[in-house]
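Under the working numbering, the first residue of the sequence shown carries the number 1, and numbering increases by one thereafter. What follows is one structure encoded as structure tokens, with my remarks underneath.
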Amino acid sequence: MSPVPQKILVVLGTRPEGIKLAPLVRELQGRPGTFDVRLCVTGQHRQMLEPILQFFGLSPDHDLQLMKPGQTLFDVTAGALKGLEAVLDQVQPAWVVVQGDTTTALAGALAAFYKKVRVAHVEAGLRTGDMHSPFPEEGNRVLVSRLADLHFAPTEGAAAHLAAEGIRGGVHVVGNTVIDALLEARRRVQGRDEAFSAEFPQLRAGRKLVLVTGHRRENFGEPFENICRALGTLAARYPDVDWLYPVHLNPNVREPVHRLLSGRGNVHLVEPVAYPQLVWLLGRSHLVLTDSGGIQEEAPTLGKPVLVMREVTERPEGIAAGCARLVGTSGARIVDGVTGLLEDPAAYQRMAQARNPYGDGTSCRAIADVLEKA
Numbered sequence: 001m002s003p004v005p006q007k008i009l010v011v012l013g014t015r016p017e018g019i020k021l022a023p024l025v026r027e028l029q030g031r032p033g034t035f036d037v038r039l040c041v042t043g044q045h046r047q048m049l050e051p052i053l054q055f056f057g058l059s060p061d062h063d064l065q066l067m068k069p070g071q072t073l074f075d076v077t078a079g080a081l082k083g084l085e086a087v088l089d090q091v092q093p094a095w096v097v098v099q100g101d102t103t104t105a106l107a108g109a110l111a112a113f114y115k116k117v118r119v120a121h122v123e124a125g126l127r128t129g130d131m132h133s134p135f136p137e138e139g140n141r142v143l144v145s146r147l148a149d150l151h152f153a154p155t156e157g158a159a160a161h162l163a164a165e166g167i168r169g170g171v172h173v174v175g176n177t178v179i180d181a182l183l184e185a186r187r188r189v190q191g192r193d194e195a196f197s198a199e200f201p202q203l204r205a206g207r208k209l210v211l212v213t214g215h216r217r218e219n220f221g222e223p224f225e226n227i228c229r230a231l232g233t234l235a236a237r238y239p240d241v242d243w244l245y246p247v248h249l250n251p252n253v254r255e256p257v258h259r260l261l262s263g264r265g266n267v268h269l270v271e272p273v274a275y276p277q278l279v280w281l282l283g284r285s286h287l288v289l290t291d292s293g294g295i296q297e298e299a300p301t302l303g304k305p306v307l308v309m310r311e312v313t314e315r316p317e318g319i320a321a322g323c324a325r326l327v328g329t330s331g332a333r334i335v336d337g338v339t340g341l342l343e344d345p346a347a348y349q350r351m352a353q354a355r356n357p358y359g360d361g362t363s364c365r366a367i368a369d370v371l372e373k374a
């Protein structure tokens, strides 16, 4: 008699979670005699998540539909907890899988804990040591670590953070699943340069591209204004460079970005781009300015230097490896960092050729192997 497949409930709600968990869902689904996989989306980021699921060929089994205008952390947390109660009662999973540090991840882990269901935490052990930066992500991931039974750490450094907190059992260093997603997406976009170029006619052939992303909650207000003014200074200093910024939907981002950067001929403010387009833009870029977490891992895989516009990062491995540099939200530091990479070819090459410390695209297989034996 064949063993009954383990029921796995994968809970996600944001675009980054979708990118990092989609290849894992597909890996688990590829072992149908071993796993019975159910996908639950909370709707924390409705518009930005759906294209990711479509790209990877996934459709949710459960949708909590939490997204609403002006929602707060209280709204998302309470709504996700209540919605997950019913889903857990229906599915009766052996494991709940959550990823990273979102409010969805915290709610998923807490709901599973309340139902005495084991929790597997993907991208475990990232830490800045500052509970308010990034906010609320640092608090979320610390709390999830206390609730999880399996901890899939992307690096040895992340595992060391867990050990320092007394968490040693169930820790597995597997690399980051974002590399699995990126390599799969790159395969899919190869040979489509002409089509993607047509989607971004503002990018002129033969000109360097600096890709900019920024949306962190702790940067709202004066830090974001500093970032925008620095971009304005750089755009004026380097008129032959294109600066492309897919602007996050959050009004705390959109207002200062459009107020301070609109109307500049070489600054291109566009709507958030789908994941295939983002991968193409990363490949097309000369360097990346970001406060994002995932792009700190993705860009080095493609040999693109990353300047991190945050005061602290939970991804120090990239800094140590030399493929990323922390420039904070000081306008002067951002301008100096970009100027150095645009004007010093040797400094640029050192960063572009640095070893990527975040994995080789086999993380999902490693996670599935562990869950198979758990």
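In this text, a Cβ means the ideal position worked out from N, Cα and C, and glycines have one as well. What you are looking at is a predicted structure, and each value in this text was computed from that prediction instead of being measured.
For residue i, the three-state DSSP class (helix, strand or coil)
i    : result
F55  : helix
Q44  : coil
V273 : coil
V267 : strand
H161 : helix
I334 : helix
P23  : helix
M1   : With a pLDDT of only 46 at M1, under 50, the local geometry of the prediction cannot be trusted, and no value is derived from it.
P357 : coil
R315 : coil
G139 : helix
M395 : The displayed coordinates of the chain run from 1 to 374. Any statement about residue 395 would go beyond what the structure contains.
R168 : coil
R31  : coil
S262 : coil
T14  : coil
G303 : coil
A374 : coil
D344 : coil
A148 : coil
T362 : coil
L49  : helix
Integer Cβ distance of residue i from residue j, believed to fall under 8 angstroms
i    : j    : result
D101 : L64  : Actually they do not touch by this definition, with Cβ atoms about 19 angstroms apart.
L28  : I8   : 6 angstroms
G214 : D291 : 5 angstroms
A107 : L81  : 5 angstroms
R207 : D240 : 6 angstroms
L307 : V327 : 5 angstroms
L231 : V267 : 7 angstroms
H45  : R15  : 5 angstroms
C40  : T177 : Incorrect: roughly 18 angstroms between the Cβ atoms, too far for contact.
H286 : L269 : That pair is no contact at about 19 angstroms.
T128 : T313 : 7 angstroms
V171 : A159 : 5 angstroms
For residue j and residue i, the rounded distance between their alpha carbons
i    : j    : result
V97  : Y358 : 20 angstroms
G263 : Y348 : 29 angstroms
S133 : P3   : 45 angstroms
E298 : Y275 : 12 angstroms
G361 : L24  : 11 angstroms
T329 : N219 : 8 angstroms
H161 : P201 : 45 angstroms
L12  : H121 : 12 angstroms
D369 : H151 : 14 angstroms
P345 : L302 : 18 angstroms
P60  : I19  : 14 angstroms
T103 : G83  : 14 angstroms
E17  : L53  : 10 angstroms
P272 : P246 : 5 angstroms
A198 : I167 : 50 angstroms
E372 : V173 : 16 angstroms
V117 : N226 : 45 angstroms
R315 : A148 : 21 angstroms
C323 : W280 : 19 angstroms
G139 : R237 : 39 angstroms
Per DSSP, cross-strand counterpart(s) of residue i
i    : result
V308 : T290, L326
A153 : V173
L9   : R38, V96
V279 : According to DSSP, V279 bridges with nothing at all.
H62  : C40
The ligand GDP heavy atom lying under 7 angstroms from the CB of residue i
i    : result
A205 : The ligand GDP is not part of this structure, which contains no ligands at all.
Note to self: Give the list of continuous alpha helix (DSSP H) stretches no shorter than 4 residues that lie fully inside the region 185-258.
What the structure shows: Entirely contained in the region 185-258, the alpha helix (DSSP H) runs reaching 4 residues are, in chain order, 193-199, 222-237.
Notebook entry, point to check: Going along the chain, which unbroken runs of the beta strand (DSSP E) with 3 or more residues stay wholly within the region 64-129?
Noted result: Complete beta strand (DSSP E) runs here, min 3: 95-99, 118-122.
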